[in-house]
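To start, the structure under review is shown below, and the notes come after it.
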Ligand SMILES: [Zn+2]
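In my numbering, the protein residues as written are 1408 to 1826.
Structure below.
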């Protein structure tokens, strides 16, 4: 009896030990199911992804740079909104609309207030020397970042003149168009990027690269032979650089209109119910960490990736991380060159005003807080954010983000091709 019992105990321990060994070396008993059953037709989605083209993507970015840095509250910004709207219409995304709002910059702090804020920021940095915006920690080398406000740092006189009109407070507009779903027109995904920029360059990467991506997706989904079950809205936000004011105005004006049929019985939904928000902001430059002398490699690093971020500290974190994984798996399936990585510190972009309401993610060249915030992109908000700064390897990273979002949206919205 004693012996037997000892053997049983021994056997049990053995089993647990073996289970532990197995858990480390073989597939776990359960696996995550990252992709909701696709509503779309994979072959059709593959065809649509194949319609993305590097030269077209580059041409759209080039087109945006004709308006310089497109700073909000200027004629060049308004001309860019007009141009974007005309392009969307020419793609067949004909139901363009504009959202109008007011922007008045906050009154600057008094010298005493400014000093108090700087002091409190310095004390925070002293206590948390490696804290990144949005959460997480900065590792390794870092360099100074900031916004260039000095026109004389733009050496090209043509571009200096183009960017010279200052911003004036007042009315603002941003444009969007919608692919209306056939069987679920009352549900939609919002796909966005910001068209305004700063820094006395051409805002080619921040955020011409995201704006062109969203415009290219609008072009492909609007093609006459494409059908989606759910609706998709393509939004080009304004006033991102001043504090996400365009996206905040959209949420303030339209959140309560979700899912309402107007007029009743018409089958038309001016604001379909939001299912998710996918933002694109700085898509092209992943050249690695700054070197000890503060310079950054001139070449795209071979291990460059698309960074898909959600915010773990948001009300919709669970749904947002699921959306992030759906995008990551779409990248594996559809993107030609660069992989995707998922992170939990989404911050400082137009998906932020959505993140407590609906699943929200951002796609970028790097992590916003720990990498871009540490100076990984030396052209960020600088006069060198020019079309001519970037190589085909850079443009191709943006194209791979487009393939990623297009693939995921094709599955989520249910894309098929009419025969
Ligand atoms: Zn940006």
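Glycine included, C-beta positions come from ideal geometry on N, C-alpha and C.
Any heavy atom of ligand 1 closer than 7 Å to the Cβ of residue 1613? yes
With DSSP as the reference, identify every bridge partner of residue 1584, one or two as the case may be. 1641
Which full runs of the beta strand (DSSP E) of 3+ residues lie inside the segment 1725 to 1811, going along the chain? Given a length threshold of 3 residues, each whole run of the beta strand (DSSP E) inside the segment 1725 to 1811 is given here in chain order: 1747 to 1750, 1767 to 1771.
Where residue 1706 sits in the DSSP three-state scheme: coil
Can you tell me whether residue 1462 is helix, strand or coil according to DSSP? helix
Answer yes or no: the CB of residue 1752 versus the heavy atoms of ligand 1, is any distance below 7 Å? Answer for residue 1752: no, Cβ out of range of ligand 1.
Check residue 1550 in the structure and name its three-state DSSP category. coil
From residue 1432 to residue 1780, what does the alpha carbon distance come to, in whole angstroms? Only weak support is given to the placement of residue 1432: the predicted model assigns it a pLDDT of 46, under 50, and the value that follows is read from those uncertain coordinates. Those two C-alpha atoms are separated by around 38 Å.
For residue 1667, the three-state DSSP class (helix, strand or coil): coil
Have a look at 1514, 1622, 1482, 1594 and flag the residue whose alpha-carbon is nearest the alpha-carbon of residue 1492. Residue 1492 has its Cα closest to that of 1622, out of 1514, 1622, 1482, 1594.
So the candidates are 1729, 1793, 1716; which of them puts its Cα closest to the Cα of residue 1755? 1716
Counting C-beta neighbours from all protein chains within 10 Å, is the total for residue 1531 16 or more, i.e. buried, or is it exposed? exposed
Limits of the unbroken alpha helix (DSSP H) element including residue 1526: For residue 1526, the enclosing alpha helix (DSSP H) begins and ends at 1518 to 1534.
Tell whether a beta-carbon distance below 8 Å holds between residue 1764 and residue 1819. No; because the gap between Cβ atoms is not below 8 Å, this pair is not in contact.
Relative to ligand 1, is the shortest distance from any of its heavy atoms to the C-beta of residue 1647 smaller than 7 Å? yes
Nearest candidate by alpha-carbon position, reference residue 1703, set 1786, 1578, 1498, 1454: 1786
For residue 1816, count the other beta carbons within 10 Å of its own beta carbon; 16 or more makes it buried, fewer makes it exposed. Which is it? buried
Beta carbon of residue 1789, beta carbon of residue 1653: below 8 Å? no
Going by beta carbon distance, what residues of the same chain come within less than 7 Å of residue 1774, once the five residues before and after it are set aside? 1714, 1716, 1750, 1752
Need the endpoints of the beta strand (DSSP E) that residue 1506 sits in, please. For residue 1506, the enclosing beta strand (DSSP E) has its first and last residue at 1504 to 1510.
Tell me residue 1824's beta-bridge partners as DSSP assigns them. 1633
Residue 1804 classed as buried or exposed, judged by whether at least 16 other C-beta atoms fall within 10 angstroms: buried
Taking its Cβ as the centre, do 16 or more other Cβ atoms sit within 10 Å of residue 1686, making it buried, or is it exposed? buried
How far does the beta strand (DSSP E) with residue 1682 in it extend, from its first residue to its last? 1680 to 1687
Does the pairing of the segment 1512 to 1519 with the segment 1736 to 1747 give three or more beta-carbon distances under 8 Å? no
Heavy atom of ligand 1 within 7 Å of residue 1618 beta-carbon: no
Under 7 Å: does the beta carbon of residue 1693 sit that close to some heavy atom of ligand 2? Absence of ligand 2 from the depicted structure is noted, with ligand 1 being the only ligands included.
Apply the 10 Å Cβ neighbour rule to residue 1812 and answer buried if 16 or more other Cβ atoms are within range, or exposed otherwise. Its Cβ being crowded by 16 or more others within 10 Å, residue 1812 is buried.
So, is residue 1727 buried or exposed, given that buried needs 16 or more other C-beta atoms within 10 angstroms? buried
Buried or exposed for residue 1616, please, with buried defined as at least 16 other CB atoms from any protein chain shown within 10 angstroms of its CB. buried
Would you identify the three-state DSSP class for residue 1448, choosing helix, strand or coil? coil
From 1793, 1807, 1825, 1826, pick the residue whose C-alpha is nearest to that of residue 1468; which is it? 1793
Taking the alpha carbon of residue 1736 as the point to measure from, which residue in 1708, 1696, 1810, 1826 has its own alpha carbon closest? 1810
Can you grab the Cα-Cα spacing for the pair residue 1661 / residue 1580, in whole Å? 15 Å
Below 8 Å CB to CB, which residues in the same chain sit around residue 1668 once its five sequence neighbours on both sides are set aside? 1593, 1674, 1675, 1676
What residue from 1542, 1600, 1508 has the CA that sits closest to residue 1576's CA? 1508
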